[in-house]
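Q: Starting off with a structure, shown below.
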Amino acid sequence: MSESLATVLGSIEEGQIRPLYLVAGDRVLAEPAAIQIGEALSRSVGCEPEVHRRPADLGSILADLRTYSLFAPAKVVVVIESSVLADSGAAAELLDETLEALPINAESAELSGGERRAAGRLLQTLRLFHIDPAAGAAGEVLASLPPWALKGGVRYRKAHGNRSRGPRQVEDLKVQLAELLEAALASGLHGWAETDVGELAEAAERGLPEGHALVLAESAVAKQHPLVETLEAQGVLAEAGRVEVAKGGGWQGLELLTGELERETGVSIAPAALHELARRTILRGTGKGSSAEAVDADSTSRFAAEYRKLATMASGETIGQQRVEDTVEDRGDEDAWKILDAIGTGDLRDALFRLRRLLGSSEDPIAARLSFFSLVASFGRQLAAVSALLDSTGVSRDETSYPRFKTQIAPALQSESADGLKSPVAKLHPYRLFRVYQTACRIPASELADIPSRILRTERRLKGESSEPDAALTALVCDLASASHRA
4 MSESLATVLG
14 SIEEGQIRPL
24 YLVAGDRVLA
34 EPAAIQIGEA
44 LSRSVGCEPE
54 VHRRPADLGS
64 ILADLRTYSL
74 FAPAKVVVVI
84 ESSVLADSGA
94 AAELLDETLE
104 ALPINAESAE
114 LSGGERRAAG
124 RLLQTLRLFH
134 IDPAAGAAGE
144 VLASLPPWAL
154 KGGVRYRKAH
164 GNRSRGPRQV
174 EDLKVQLAEL
184 LEAALASGLH
194 GWAETDVGEL
204 AEAAERGLPE
214 GHALVLAESA
224 VAKQHPLVET
234 LEAQGVLAEA
244 GRVEVAKGGG
254 WQGLELLTGE
264 LERETGVSIA
274 PAALHELARR
284 TILRGTGKGS
294 SAEAVDADST
304 SRFAAEYRKL
314 ATMASGETIG
324 QQRVEDTVED
334 RGDEDAWKIL
344 DAIGTGDLRD
354 ALFRLRRLLG
364 SSEDPIAARL
374 SFFSLVASFG
384 RQLAAVSALL
394 DSTGVSRDET
404 SYPRFKTQIA
414 PALQSESADG
424 LKSPVAKLHP
434 YRLFRVYQTA
444 CRIPASELAD
454 IPSRILRTER
464 RLKGESSEPD
474 AALTALVCDL
484 ASASHRA
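Below you can see the structure in the form of structure tokens.
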């Protein structure tokens, strides 16, 4: 049990009941922790908890929580994966909704229906950041909003070629929002628009009927979201833990997931079997904005599902590696850069094995194929470029120390030529350049010079000239890895 979860449960046992709780962490860990909080609340107030998984919205749930119960002394609801706090741009989305009514009709004494809804979104956003709408002049109030909230939410960026608002657009928006804010205050609007985020914020600030509580379990929580910051300050945010990509490879936090599943099923797993199960199921996060440490939430759920299936088959015995290999389909994460490393060292078997896993685990094989081709094509062009630079600069071809390469050889390869031309590898990271250099030094110049034409032939085959695009990509990998292996 995490320290924050223990703190939350301890406060409930002491009779400190709050209207809203949040459990953040991997889905497999957050759900049982949220249910544990719900059960603790239910014991305190004398009712049975309700559990809702992936509701379409929270409106009806919150409306029910705001009404007194006729047949029970209180109400406790646990909601699993509402995703209401997943996007840190929720406040930006609310502001974007005001655009439908802007600019307002300055000649009218009263706000229209659309303008009133837009004003509600604006006031709600201000309250999410604990900004008093009447604390000063409208322009000064709006200046308190963080810059990112005014630059546009996900839908705005998608509609504008993945671009946020520029400085001039932000200033124009502030002017229109200031007019709307003045009109809203003159009309006596309070500012809690009927949206999930707004109603949650209202519940956190104003409370619910006595004994009523909502517990959210979310695998994706934006730490910078103002409502999340509020809940953390109130001491009702519990961290259940999550699986992340560890430095140097592997998965950090996997022991938390395994411990929960072992407790649930009563069946343990051998270390080698655990490694194999994780390798076959867990994927890195690839969504927009995903960090380098992010893990795909659905893949950890698949890990849990496969563990439960293996536990059933094990009949109380420890899950072994052979059972995992015989039962679980290999659809785990594959690092494309490790394929390039295998090509560079001439390890053809490893390169082809990893390539097959990369394409086989992808939900969109065409996109995965083209994406990897782009990567390996860049690698091939870099090999040809470095080979030419080695000839023109005359630097050593047998350097094996990265620190010496970084200080003595990389500058020569990345500097401008005598006639002022920019180096084709000027922007390449020194370590990546080192790996390219090592491979280029092993392969004969005659074979390196032929790489661009091989890449062009492969691109044509991938884009329509071949009915076997995977075979075309495999052939390119074979050519490059075999050349390095022969050297």
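Residue numbers (the numbering used here): 4 to 490.
Glycine included, C-beta positions come from ideal geometry on N, C-alpha and C.
1. Judging by CA-CA distance, which residue of S5, L183, T403 and R171 is the nearest neighbour of A37?
2. Taking the beta carbon of D67 as the centre, do at least 16 other beta carbons fall within 10 Å, making it buried, or is it exposed?
3. Using beta-carbon positions only, say whether R326 and A317 come within less than 8 angstroms of one another.
4. Leaving out the 5 sequence neighbours to the left and right, which residues in its chain are closer than 6 angstroms to E197 when beta-carbon positions are compared?
5. State the start and end residues of the unbroken beta strand (DSSP E) segment that holds E53.
6. Please name the residue or residues paired with R502 in a DSSP beta bridge.
7. Would you say T303 and I322 are within 8 angstroms of each other, going by their C-beta atoms?
8. Cα separation between Q324 and V270?
9. Would you tell me roughly how many angstroms separate the C-alpha atoms of G349 and V480, rounded to the nearest one?
10. Which same chain residues end up closer than 8 angstroms to E113 when comparing Cβ atoms and leaving out the 5 residues on each side of it in sequence?
11. Where does I64 fall in DSSP's three states?
12. With respect to the alpha helix (DSSP H) encompassing A220, which residues constitute its N-terminal and C-terminal limits?
13. Does DSSP put Q417 in a helix, a strand or coil?
14. Could you pull out every residue in the same chain whose Cβ sits closer than 6 angstroms to the Cβ of G49, ignoring the five residues on either side in sequence?
15. Tell me where the alpha helix (DSSP H) around A391 begins and ends.
16. Let me know the secondary structure DSSP gives E450 once reduced to three states.
17. Quick one: measure Cβ to Cβ for R334 and R283, integer angstroms, because I've assumed they're closer than 8 angstroms.
18. Is the beta carbon of A140 closer than 8 angstroms to that of A187?
19. In the DSSP assignment, what are the bridge partners of E213?
20. Considering only C-alpha positions, which residue in the set E34, Q179, I346 and L259 is nearest to H488?
21. Could you tell me if V178 is buried or exposed, where buried requires 16 or more neighbouring beta carbons within 10 angstroms of its beta carbon?
22. Evaluate F376 with the Cβ neighbour count: other Cβ atoms within 10 Å of its Cβ, from every protein chain shown; 16 or more gives buried, anything less gives exposed.
23. Given T261, which residues of its chain have a CB within under 7 angstroms of its CB, disregarding the five upstream and five downstream residues?
24. Over the uninterrupted beta strand (DSSP E) stretch that includes L362, give me the two end residues.
25. Taking Cβ to Cβ, would you say R21 is nearer than 8 angstroms to V239?
26. Hey, would you say V389 sits closer than 8 angstroms to A443, going by beta carbons?
27. DSSP three-state label for Y71, please.
28. Short of 7 angstroms in beta carbon distance, which residues of its chain neighbour L362, apart from the five on each side in sequence? Order them along the chain.
29. Are there 16 or more other CB atoms within 10 angstroms of the CB of V287, so buried, or fewer, so exposed?
30. The alpha helix (DSSP H) with E242 in it runs from where to where?
31. In whole angstroms, give me the CA-to-CA distance for P149 and L23.
32. For L234, which residues in the same chain have their Cβ closer than 8 angstroms to its Cβ, ignoring the five residues on either side in sequence?
33. What's the gap between the Cα of G471 and the Cα of G156?
34. Thinking C-alpha only, which one of T403, P406 and L392 is nearest K425?
35. In chain order, what residues of the same chain lie with their CB nearer than 7 angstroms to the CB of K466, ignoring the 5 residues before and after it?
36. Any idea what DSSP makes of Q255, helix, strand or coil?
A: According to the data block:
1. Counted from its first residue, the sequence shown places residue 37 at position 34. It is S5 whose Cα lies nearest to the Cα of A37.
2. As a first step, residue 67 must be located in the sequence shown, where it is residue number 64. Exposed: under 16 other Cβ atoms inside 10 Å.
3. Taking the first residue of the sequence shown as 1, we reach residue 326 at position 323. Taking the first residue of the sequence shown as 1, we reach residue 317 at position 314. Contact flag set, yes.
4. In the sequence shown, residue 197 corresponds to position 194, counting from 1. The predicted position of E197 is uncertain, since its pLDDT is 47 and thus under 50; no value can be drawn from it.
5. One-based indexing of the sequence shown puts residue 53 at position 50. It spans E53 to R56 - the beta strand (DSSP E) in which E53 sits, taken as one unbroken run.
6. Nothing about residue 502 can be reported from this structure: the residues present for the chain run from 4 to 490 only.
7. Here residue 303 corresponds to residue number 300 of the sequence shown, with the count starting at 1. Here residue 322 corresponds to residue number 319 of the sequence shown, with the count starting at 1. No, Cβ-Cβ distance for T303 and I322 is not below 8 angstroms.
8. Start at 1 with the first residue of the sequence shown, and residue 324 comes out as number 321. Start at 1 with the first residue of the sequence shown, and residue 270 comes out as number 267. Between Q324 and V270, the C-alpha separation is close to 14 angstroms.
9. As a working mapping, residue 349 is identified with position 346 in the sequence shown. As a working mapping, residue 480 is identified with position 477 in the sequence shown. About 10 angstroms.
10. Numbered from its first residue, the sequence shown carries residue 113 at position 110. Correct list, in chain order: S190.
11. Against the sequence shown, residue 64 aligns to sequence position 61. I64 falls in the helix class under three-state DSSP.
12. Taking the first residue of the sequence shown as 1, we reach residue 220 at position 217. No alpha helix (DSSP H) contains A220, which is instead part of the beta strand (DSSP E) from A216 to E221.
13. Position 414 of the sequence shown, counted from the first residue, corresponds to residue 417. DSSP places Q417 in helix when its eight states are reduced to three.
14. Position 46 of the sequence shown holds residue 49. If we look at G49 and ignore the five residues flanking it on each side, its Cβ neighbours are P76.
15. Within the sequence shown, residue 391 is the residue found at index 388, counting from 1. A391 -> alpha helix (DSSP H) spans P368 to T396.
16. Against the sequence shown, residue 450 aligns to sequence position 447. Helix.
17. Mapped onto the sequence shown, residue 334 falls at position 331. Mapped onto the sequence shown, residue 283 falls at position 280. So it is a contact: roughly 7 angstroms between Cβ atoms.
18. Against the sequence shown, residue 187 aligns to sequence position 184. Against the sequence shown, residue 140 aligns to sequence position 137. Their beta carbons are not under 8 angstroms apart, which means A187 does not touch A140 by this criterion.
19. Translated into positions along the sequence shown, residue 213 becomes position 210. BP columns for E213 are empty, so no partner.
20. Taking the sequence shown and counting its residues from 1, one reaches residue 488 at position 485. Of E34, Q179, I346 and L259, the residue nearest in Cα terms is I346.
21. The sequence position of residue 178 within the sequence shown is 175, counting from 1. Label assigned to V178: exposed.
22. Here residue 376 refers to the residue found at position 373 of the sequence shown. Its Cβ being crowded by 16 or more others within 10 Å, F376 is buried.
23. Taking the first residue of the sequence shown as 1, we reach residue 261 at position 258. These residues qualify, in order along the chain: I272 and L277.
24. Against the sequence shown, residue 362 aligns to sequence position 359. Where L362 is concerned, there is no enclosing beta strand (DSSP E), although the alpha helix (DSSP H) it sits in stretches over L351 to G363.
25. Sequence index remark: in the sequence shown, residue 21 carries index 18 (1-based). Sequence index remark: in the sequence shown, residue 239 carries index 236 (1-based). Yes, they are a contact pair.
26. Your numbering for residue 389 matches position 386 in the sequence shown. Your numbering for residue 443 matches position 440 in the sequence shown. Cβ distance < 8 angstroms, so V389 and A443 count as in contact.
27. As a working mapping, residue 71 is identified with position 68 in the sequence shown. In this structure, Y71 counts as coil in the three-state DSSP scheme.
28. Residue 362 sits at position 359 when you count from the first residue of the sequence shown. Here the set comprises P368, A371, R372 and D473.
29. Counted from its first residue, the sequence shown places residue 287 at position 284. For the record, residue 287 in the displayed sequence is Arg; it is not Val. Label assigned to R287: buried.
30. The sequence position of residue 242 within the sequence shown is 239, counting from 1. No alpha helix (DSSP H) contains E242, which is instead part of the beta strand (DSSP E) from L240 to G244.
31. In the sequence shown, residue 149 corresponds to position 146, counting from 1. In the sequence shown, residue 23 corresponds to position 20, counting from 1. Distance between the alpha carbons of P149 and L23 is about 25 angstroms.
32. Stepping through the sequence shown from its first residue, residue 234 is reached at position 231. Closer than 8 angstroms at the Cβ level, and outside the excluded window around L234, lie L23, Y24, L25, A207 and L240.
33. In the sequence shown, counting from the first residue as 1, residue 471 sits at position 468. In the sequence shown, counting from the first residue as 1, residue 156 sits at position 153. According to the sequence as given, residue 471 is Glu; it is not Gly. Taking the straight line from one Cα to the other gives about 41 angstroms.
34. Taking the first residue of the sequence shown as 1, we reach residue 425 at position 422. When only C-alpha atoms are compared, the closest one is L392.
35. Within the sequence shown, the letter at position 463 stands for residue 466. Closer than 7 angstroms at the Cβ level, and outside the excluded window around K466, lies no residue.
36. Sequence index remark: in the sequence shown, residue 255 carries index 252 (1-based). In the structure shown, Q255 sits in a strand (DSSP, three-state: E or B).
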